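Chemist:
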Amino acid sequence: MSIDPVLQLKDLSFGYGSAPDLINIERFSMARGESLFLRGPSGSGKSTLLGLIGGVLTPRAGQINLCSSEMSAMSSGARDQLRADHLGIIFQQFNLLPYLSSLQNCVLPCRFSAKRRARATQMAGGVEVAVKELAGGLGLTDADLKRPVGALSVGQQQRVAAVRALIGAPDLIIADEPTSALDHDNRGRFIELLNQQRQAFGSSLLFVSHDNSLAPHFDRAASLAALNQVKAM
Amino acid sequence: MGATTINLALRSLWARKMTALLTIISIAAAIFLFVAVENLRQGARTSFEQTLSDTDVIVGARSSPIALVLYSVFQIGDPTNNVTWESYKEISTRADVAWAVPISLGDTHKGYRVIGTTADYFKHYKYADKQNLAFARGEEFNDLFDVVLGAQTARELGYELGQSLTLSHGLGKASFVHHDDKPFKVTGILAPTGTPVDRSVIVSLGAIEAIHMGWQNGMPTPMSRLATPERLRQMVLEPKSVTAIFIGASARVKTLGLQRDLNSYEAEPLQAVIPGVALSQLWNVVSIAERALAIVSAFVIAVGLIGILTSILTSLNERRREMAILRSLGARGRHIFTLLVSEAALLALIGGLLGLTLLYSFLWIARPFLEVRFNMGALQSLPGAFDFAVVLGVTFIAAMLGVIPAIIALKRSLSDGLSVRV
């Protein structure tokens, strides 16, 4: 484990309202540049954990440290900014805003974060150029980027979502079951492409899935059920 | 960032264009109605207050100022008493009086009121911005039995130049006492003015005198049979009294002094009113209906605004995913907030501008008709500061209402976290 972790959870507990705890994690850490497979069946609290790491949900107790910033000490606005600057998120499916083109979708994170805009510009000379380079790396053509989101296949949409998560080289990419809507061949290919691109950027990858067969693609694997001391009912 | 959010709001709206369009149309219709009513109100008020212009004082028998204006200018209600011809002659020769036009009321033609007056009436009766009466066809009366018709009278009765007509005694619509032994001939038809002059029948004072020759107590006596048109034309016909006198002061500054003098006239009890003042007072009485109309159209705007609120609130459920995606990309609470508030404001703004465009296009097309028919020359031809202020005001209120769905979406996006629930 590196001295400089990208994500660190400590004595973290969370529950909605006055309901009992849903999440209770004593210790969890991810090194910079590391890729981690987190196995979690549906209902194991992964969406909640994602909300906590994203800074949208506030923990009952404990610490969440993202890129050396302690979130529990931050205002919700500052946590939003931290998420915008350091996190790239890919959902299960329907990741894209249907009323924007693929290109416009990909550019959005750089609109919410000056840091990522600056990094994309520094690396490629411009945000749109950066999008096009990343898209090329993930097997998308310029023509694909111009098409309306609805005209793309699910596989293409997920790759656009990956471009959007990677733009501006965030420190941590969180992928929440991004391959569940893809067929078997596409799954492996998608993960490989995603891994190649994020390695080039030095971003860490937290890949959450119930599909244990994907685990070999990653540096390390962990189980949410083992981490989370609250047992699912 | 603000510009991006508004851009997002626009694109998001475009993706839901059917609902958005209907909402915009409801706001456009509301603004159309409100601004149209406001314009008509202003137009009606202006045209009302411009019914009579350049006349400094109206003199009549003592009653109430509003009653005097009603019967002398608007041809509504009955005069209570008359002004003697001696008083008229004395007043018209005063140094501070530039001109004095007497009018004599009391007869009708098929319900249209007859004004007996002098040829000076055509010179001095002015309306709107000191506009003279103009003849659409023909000319003023020369013969004793010549008559000039107002535009509406001629149009509604279908009269042309040369038409022969008889007058009836009394102001009621169904008069049973007619002056049918003394027919008149139409020699002139006035251009439309949008004033009560349009509904009048104008003859000379002498003619009023002539048709009542040999009458007593409002009924003809056998003597009247002797007064044939031929004989009457030979006579010098001078009335004993008139109903009211329109007066122009020799200088505007003398108006108040003149009014005071006439109000304390010694020979008989007279009443002098300044038309502008009396018209304003009168407007306050009649403007109740007009205010009611304005209130109704304001409610229509309120309904339109509630429509915006409803459409955004209903859209929130299907847009949870959109909000979660935006949040995951780093959108802060205030971005979600701005997105929904600006969506409400955009709907109102676009709807409002559409409403104004429709209204003024409509006015532009309908203008020739409106002007001829209703003297709506006072209507604006281009949207003014008031119209834009209305649109901006409505936009502002819509933005305020947008705070409601914005707060709901914000709360939801906090409890939803970053997960996208289908």
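As you go down the protein sequences, you meet chains A and B in turn.
In terms of my numbering, the first sequence has 203 at position 182, counting the first letter as 1, and numbering is strictly consecutive.
In terms of my numbering, the second sequence has 441 at position 281, counting the first letter as 1, and numbering is strictly consecutive.
Quick reminder that beta carbons are idealized off the backbone N, C-alpha and C, glycines included.
Small disclaimer: the values here were computed from a predicted structure and weren't measured.
1) Near Pro-356(B), which residues of its chain fall below 6 Å by C-beta distance, leaving aside the five closest residues on each side in sequence?
2) Considering only the alpha carbon of each residue, which of Thr-206(B), Gly-408(B), Phe-192(B), Phe-497(B) lies closest to Pro-565(B)?
3) Step through the CB atoms of chain A and report whether any lies within less than 8 Å of the CB of Leu-181(B).
4) Mapping DSSP to helix, strand and coil, what is Val-150(A)?
5) Have a look at Ser-502(B) and Ala-169(B) and give me their C-alpha separation to the nearest angstrom.
6) Enumerate in chain order the residues of its own chain whose CB-to-CB distance from Ala-367(B) is below 6 Å, with the five nearest sequence positions on each side excluded.
7) Please report how far the alpha carbon of Leu-386(B) lies from the alpha carbon of Gln-376(B), in whole angstroms.
8) Between the region 117-143 of chain A and chain B, which residues of the former have a C-beta closer than 7 Å to a C-beta of the latter?
9) I'd like to check one pair, Gly-512(B) with Thr-555(B): are the Cβ atoms closer than 8 Å?
10) Mapping DSSP to helix, strand and coil, what is Glu-198(A)?
11) Anything in chain A within Cβ reach of Ile-485(B), meaning under 7 Å, just list it in chain order.
12) For Leu-187(A), would you say it is in contact with chain B, using Cβ-to-Cβ distances shorter than 8 Å as the test?
13) Can you look up Asp-165(A) in the DSSP assignment and give me helix, strand or coil?
14) Terminal residues of the continuous beta strand (DSSP E) containing Val-308(B)?
15) I'd like the list of long-range same chain contacts for His-107(A), defined as Cβ closer than 7 Å, with 5 residues on each side in sequence excluded.
16) Inspect the beta-carbon positions of Val-195(B) and Gly-515(B) and report whether they are closer than 8 Å.
17) Residues of chain B with CB under 8 Å from Asp-192(A), in chain order?
18) Kindly indicate which residue of Val-170(A), Phe-115(A), Arg-140(A), Val-128(A) has the alpha-carbon position closest to the one of Val-152(A).
19) Between the alpha carbons of Arg-487(B) and Ile-111(A), how many angstroms are there, rounded?
20) Return the chain-ordered list of same chain residues with a C-beta closer than 6 Å to the C-beta of Gly-467(B), the five sequence neighbours on each side being excluded.
21) Are there 16 or more other CB atoms within 10 angstroms of the CB of Tyr-281(B), so buried, or fewer, so exposed?
22) Quick one: grab the DSSP three-state call for Arg-48(A).
23) To the nearest angstrom, how far is the alpha carbon of Thr-100(A) from that of Ser-541(B)?
24) Distance cutoff 8 Å, beta carbons only. Does Ser-23(A) sit that close to anything in chain B?
25) How would you list, in chain order, the residues of chain A whose beta-carbon sits under 7 Å from the beta-carbon of Trp-524(B)?
26) Could you have a look at Pro-543(B) and say whether DSSP puts it in helix, strand or coil?
27) For chain A, is any of its Cβ atoms less than 8 Å away from the one on Leu-507(B)?
28) From the DSSP output, in three-state form, read off Glu-55(A) for me.
29) Tell me which residues share the same chain as Ser-50(A) and place their Cβ nearer than 8 Å to its Cβ, disregarding the 5 neighbours each side in the sequence.
30) So which residues of chain B does Ala-105(A) contact, with C-beta pairs closer than 9 Å?
31) At the 8 Å Cβ level, is Asp-9(A) part of the contact set with chain B, yes or no?
32) If I'm right that Gly-83(A) touches Ser-34(A) with Cβ under 8 Å, what's the distance once you round it to whole angstroms?
33) Might you give, ordered along the chain, the residues of its own chain that have their beta carbon closer than 6 Å to the beta carbon of Val-582(B), omitting 5 neighbours on each side?
34) Taking DSSP's pairing of strands, which residues face Phe-109(A) in a bridge?
Modeler: On the basis of the supplied data:
1) Phe-234, Gln-235
2) Phe-497(B)
3) no
4) helix
5) 7 Å
6) Leu-304
7) 14 Å
8) Leu-118, Pro-119, Tyr-120, Leu-121, Leu-129, Pro-130, Arg-132, Phe-133, Ser-134
9) yes
10) coil
11) Asn-116, Leu-118
12) no
13) helix
14) 306-309
15) Leu-87, Cys-88, Pro-191, Asp-192, Leu-193
16) yes
17) Those do not exist, as Asp-192(A) stays about 13 Å from chain B at its closest Cβ, beyond 8 Å.
18) Val-128(A)
19) 12 Å
20) Thr-183, Ser-186
21) buried
22) strand
23) Going by the sequence as given, residue 100(A) is Arg instead of Thr. Their backbone Cα atoms lie some 54 Å apart in a straight line.
24) Note that Ser-23(A) scores 46 on pLDDT, short of 50, meaning its location in the model is unreliable and no value can be drawn from it.
25) Under the 7 Å cutoff, chain A gives no residues; its nearest Cβ is about 35 Å from Trp-524(B).
26) coil
27) no
28) coil
29) Met-22, Pro-26, Leu-28, Gln-29, Leu-30
30) Leu-489, Gly-490, Ala-491, Arg-492
31) Any property of residue 9(A) remains undetermined from this structure, which presents chain A solely from 22 to 254.
32) 6 Å
33) Because the pLDDT of Val-582(B) is 48, which lies under 50, any placement of that residue in the model is unreliable, and the question is left without a value.
34) Here the sequence assigns Gly to residue 109(A), which means Phe is not the residue at that position. Paired residue(s): Ile-194(A).
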